[in-house]
Ligand code: DHB
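Residue numbers (this note's numbering): 27 to 541.
Following this line, the structure appears as C-alpha cells:
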C-alpha cells in the first residue's frame with residue numbers, strides 16, 4: 027500500500043491532485059515512536075500517517091489524516107480528533123504536540139487523529155488532466171482548493187474514513203471527540219452539529235468520501251468563530267456603547283447603529299430558552315450575558331483569582347464568616363457587627379485588624395456588573411475589529427477580511443456573505459453563496475430532525491475574547507442545550523482568544539463522558 031501511495035503522490039505532485047481506486051488502510055504500516063509528555067513521562071505510540079481519506083484527492087498536500095495509537099489502546103478506546111484549522115486557512119495533518127490537547131490525549135491513552143484540511147489559502151496549479159475534468163478551468167491556472175465548504179467536507183470525509191476502517195484502525199469511531207480553536211473551533215462545532223445531514227452528501231460523494239455516517243460523539247469548541255452571517259450584528263449590538271465605537275467616524279458609527287438594530291430580531295427568531303425554561307429574548311438578553319460574565323468571575327474568584335472591582339463588578343459588602351480566610355490574599359475588612367463576642371469596641375481583635383492603607387477589600391459574592399464598564403475593559407485589552415467585523419468588504423471603504431475569502435470561489439475571489447454588506451455594495455448574494463454560508467454554520471441544522479447532533483459539548487469562549495461577540499457562543503451553547511444536549515459552557519475568566527487551556531478540566535470532562 028505504501029508503495030502505491032508513494033507512486034501516486036510522486037506522479038501527481040505538480041498539481042496536487044490524484045485519484046485512488048479505493049480507500050486504504052494498512053495495519054502493518056505503523057511506525058513506533060515516543061513522546062515526552064508534559065509531566066516528563068514517556069508515551070510510546072504507533073503512528074499511521076498520510077492516510078488519504080477520499081479517492082478523488084484534489085489537493086494532496088492536505089487531504090489525508092494521521093493516526094497515533096498509544097500503547098495499550100484497543101478498538102474500544104475513544105478517539106480524540108484535533109483540527110489545527112486557524113483563520114479558516116488550510117491546515118496540514120500534524121503530529122501530536124506534547125504541550126497541547128493532542129499530547130495530553132495521547133498521554134491519557136486516547137487514540138489521536140489529526141486530519142489535514144484545505145482552506146481559504148490552499149491552491150494547486152491545474153494540469154491537463156485536471157483542466158479536462160473541470161469545466162472552466164484551464165491548464166496552468168491556479169485553482170483555490172479550499173473555499174467554503176471544503177474544510178468541513180474534508181473533516182467529514184476524515185470521520186467517514188475512520189468509520190470505514192473502524193475494525194482495522196485502533197480506537198472506536200463511534201466515540202470520536204472533536205477539538206479545535208477559533209476557526210478550528212468552528213470546524214469542531216460543524217463536525218458536532220451537522221452529522222449525516224443530507225445537504226453535504228452529494229459533495230462528499232463527488233470527493234470520493236467513504237459511504238459512511240459522519241456524526242460524532244462529542245465536540246470540544248474553543249472560541250468558535252461561527253454564525254458568520256449574524257456575527258457582525260451581534261458584534262455591534264454588544265459593543266455599540268463602548269468608547270471606541272463612540273469614537274468612530276460618522277459612516278462607521280452609522281454602520282454600527284444599523285447592524286446593532288438587526289440583532290434583536292435575529293435573536294428572537296432563535297426562540298432560545300434559559301436553562302430554567304425562561305424565554306431568552308432581546309428584552310432579557312443583556313441580563314443573561316451579565317449573569318454569564320458574573321458566573322465566570324465568581325468561579326475564578328472561588329478558585330482564588332483576584333477580581334478587581336475596577337472592571338465594573340459589585341460585591342457583597344461583607345466578607346465570608348468571622349474566620350473566613352482573607353479574600354484575594356488581603357486582610358479581612360472591618361467587622362460590621364460590633365456586638366459580636368469577638369469584637370472589642372467595634373474593632374476586631376489584634377492580629378485580625380486590617381492593615382491601614384492595605385488593598386481594597388471585597389465580599390465573597392459578586393452581586394452585579396456594570397456591563398458597559400466591563401466591555402470597555404475588554405476593549406482596553408485588545409482593540410475591537412472594524413465595522414463590519416466579518417463581512418467587511420465594502421467598495422471604496424474596506425478590502426475585506428479572511429471570511430470574505432472563505433466564501434470566494436476557486437479563482438481566489440473575495441466576496442460578501444451577508445445581506446447587509448452586499449446591500450452596501452449594491453449587490454445581492456447568489457444562491458450558491460447563501461448555501462455555502464449555511465453549510466459553514468453549525469447553527470443551521472440543530473433540531474431539524476435530519477441531522478445527528480453530538481450528545482456532548484464542551485464550549486469555551488474567553489471572557490475577554492473580542493474576536494467574536496459573546497452572544498455568538500452563548501446562542502450556540504443555548505441552542506444545543508435547548509435541543510437536549512449535554513453542554514458544558516463557560517465564558518472562561520480572563521481568557522483572550524485562545525484554546526486548549528485548562529486541560530486538567532477538559533480531560534476530566536472527557537473521562538466523565540466516555541466512562
Ligand atoms: C480566527 C480569528 C478570527 O478573528 C476570525 O475572524 C477568524 C478566525 C482564528 O483565530 O482562527
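Beta carbons are placed, not taken as given, at the ideal position from N, Cα and C, and that holds for glycine.
Here the structure is a predicted model, which means the values were calculated and not measured.
Q. In the structure shown, what three-state DSSP assignment does residue 75 receive?
A. Here residue 75 corresponds to residue number 49 of the chain shown, with the count starting at 1. Under the three-state reduction of DSSP, residue 75 is assigned to strand.
Q: Give every residue of the same chain whose Cβ lies closer than 7 Å to the Cβ of residue 3, excluding the five residues on either side of it in the sequence, and list them in chain order.
A: Limits of the chain in this structure are 27 at one end and 541 at the other, which puts residue 3 out of reach.
Q) Is the closest heavy atom of the ligand DHB to the C-beta of residue 262 under 8 Å? A) Your numbering for residue 262 matches position 236 in the chain shown. For the ligand DHB, not one heavy atom lies less than 8 Å from the Cβ of residue 262.
Q) Mapping DSSP to helix, strand and coil, what is residue 532? A) For the purposes of this step, residue 532 is taken as the residue at position 506 of the chain shown. Looking at residue 532 - three-state DSSP - the assignment turns out to be helix.
Q. DSSP on residue 499, reduced to helix/strand/coil?
A. Position 473 of the chain shown, counting from 1, holds the residue named residue 499. Residue 499 falls in the helix class under three-state DSSP.
Q.
Does the segment 504-514 come into contact with the segment 457-464, if we say contact requires no fewer than three beta-carbon pairs (one atom in each stretch) closer than 8 Å?
A. no
Q.
I need the DSSP call for residue 277, collapsed to helix, strand or coil.
A. Position 251 of the chain shown, counted from the start, is the residue given in the question as residue 277. Three-state DSSP puts residue 277 in a helix.
Q) For residue 382, which residues of its own chain have a beta-carbon under 6 Å away from its beta-carbon, when the five flanking residues on both sides are left out? A) Position 356 of the chain shown holds residue 382. Only weak support exists for where residue 382 lies, its pLDDT of 36 falling under 50; the value from the coordinates is given anyway. Contacts found: none.
**Q.** DSSP state of residue 365 mapped onto helix, strand, coil
**A.** For this step, residue 365 is matched to residue 339 along the chain shown. Any reading at residue 365 needs caution, since the residue's pLDDT is 43, under 50, leaving its predicted position unreliable; the model's value is listed next. Residue state, collapsed to three classes: coil.
Q | Unbroken beta strand (DSSP E) run spanning residue 200, endpoints | A | Translated into positions along the chain shown, residue 200 becomes position 174. That run of the beta strand (DSSP E) goes 198-207.
(Q) Buried or exposed for residue 64, going by 16 or more other Cβ atoms inside 10 Å? (A) Taking the chain shown and counting its residues from 1, the one referred to as residue 64 is at position 38. The residue is exposed, with fewer than 16 neighbouring Cβ atoms inside 10 Å.
Q: Return the chain-ordered list of same chain residues with a C-beta closer than 7 Å to the C-beta of residue 499, the five sequence neighbours on each side being excluded.
A: Translated into positions along the chain shown, residue 499 becomes position 473. Correct list, in chain order: 250, 485 and 487.
Q.
What residue range does the beta strand (DSSP E) around residue 58 cover?
A. Against the chain shown, residue 58 aligns to sequence position 32. Per DSSP, residue 58 belongs to the beta strand (DSSP E) from 57-62.
**Q.** For residue 221, three-class secondary structure by DSSP
**A.** As a first step, residue 221 is located in the chain shown; it is residue number 195 there, counting from the start. Three-state result, residue 221: strand.
Q. Per DSSP, residue 299 forms a beta bridge with which residues?
A. Working through the chain shown from its first residue, we reach residue 299 at position 273. According to DSSP, residue 299 bridges with 305.
Q | Whole-angstrom C-beta distance between residue 262 and residue 467, which should lie under 8 Å | A | To locate residue 467, count along the chain shown from 1; it is residue 441. To locate residue 262, count along the chain shown from 1; it is residue 236. Not a contact, Cβ separation roughly 19 Å.
Q) Hey, is the segment 60-74 in contact with the segment 113-132, meaning 3+ C-beta pairs nearer than 8 Å? A) yes
**Q.** Delimiting residues of the beta strand (DSSP E) encompassing residue 169
**A.** As a working mapping, residue 169 is identified with position 143 in the chain shown. Counting along the chain, the beta strand (DSSP E) containing residue 169 begins and ends at 168-170.
Q.
Measuring only from the beta carbon, is residue 411 closer than 8 Å to any heavy atom that is part of the ligand DHB?
A. On the chain shown, residue 411 is found 385 positions in, with the first residue counted as 1. Yes, the Cβ of residue 411 comes within 8 Å of a heavy atom of the ligand DHB.
(Q) DSSP three-state label for residue 143, please. (A) For the purposes of this step, residue 143 is taken as residue 117 along the chain shown, with counting starting at 1. Strand at residue 143.
Q: Report the three-state DSSP secondary structure of residue 216 (helix, strand or coil).
A: The residue labelled residue 216 in the question sits at position 190 within the chain shown. Residue 216 falls in the helix class under three-state DSSP.
Q. Short check: CB of residue 252 to CB of residue 212, under 9 Å?
A. As a working mapping, residue 252 is identified with position 226 in the chain shown. As a working mapping, residue 212 is identified with position 186 in the chain shown. The criterion of a C-beta distance shorter than 9 Å is satisfied by residue 252 and residue 212.
Q. Taking all protein chains shown into account, do 16 or more other C-beta atoms lie within 10 angstroms of the C-beta of residue 282, making it buried, or fewer, making it exposed?
A. For this step, residue 282 is matched to residue 256 along the chain shown. Residue 282 is buried by the Cβ-count criterion.
Q: Could you name the residues whose beta carbon sits closer than 5 Å to any heavy atom belonging to the ligand DHB, keeping them in chain order?
A: 112, 113, 208, 209, 251 and 493
Q. Who are the near neighbours of residue 174 in its chain, counting only those whose CB is closer than 6 Å to its CB and skipping five residues on each side?
A. Sequence index remark: in the chain shown, residue 174 carries index 148 (1-based). Within its own chain, the residues whose Cβ lies closer than 6 Å to the Cβ of residue 174, once the five positions on either side in sequence are excluded, are 432, 433, 462 and 466, listed in chain order.
Q: Look at the alpha carbon of residue 435 and the alpha carbon of residue 170, and state the distance between them as a whole number of angstroms.
A: Residue numbering aside, residue 435 sits at position 409 when the chain shown is read from its first letter. Residue numbering aside, residue 170 sits at position 144 when the chain shown is read from its first letter. Rounded to the nearest angstrom, the two C-alpha atoms are 7 Å apart.
Q. Cα-Cα, which of 221, 132, 231 and 55 is closest to residue 473?
A. Within the chain shown, numbered from 1, the residue matching residue 473 stands at position 447. Nearest of 221, 132, 231 and 55 to residue 473, Cα basis: 221.
Q.
Could you check whether residue 285 and residue 311 sit closer than 9 Å to each other, using their CB atoms as the reference points?
A. Locating residue 311 in the chain shown gives position 285, where the first residue counts as 1. Locating residue 285 in the chain shown gives position 259, where the first residue counts as 1. No, they are not a contact pair.
Q) Since residue 258 contacts residue 414 with CB under 8 Å, what's their CB separation in whole angstroms? A) The sequence position of residue 258 within the chain shown is 232, counting from 1. The sequence position of residue 414 within the chain shown is 388, counting from 1. With a Cβ gap of about 4 Å, residue 258 and residue 414 count as contacting.
**Q.** Cα-Cα separation between residue 341 and residue 397, rounded to whole angstroms
**A.** Here residue 341 corresponds to residue number 315 of the chain shown, with the count starting at 1. Here residue 397 corresponds to residue number 371 of the chain shown, with the count starting at 1. Going from the Cα of residue 341 to the Cα of residue 397 covers about 15 Å.
Q.
If I measure Cβ to Cβ from residue 202 and keep anything under 6 Å in the same chain, skipping five residues before and after, which residues do I get?
A. As a working note, residue 202 is residue 176 in the chain shown. Within the same chain, residue 202 has close Cβ partners 105, 107, 242 and 243.
**Q.** DSSP bridge partner residues for residue 245 (one or two, in chain order)
**A.** Reading the chain shown from its first residue, position 219 is the one you call residue 245. Partner(s): 204 and 483.
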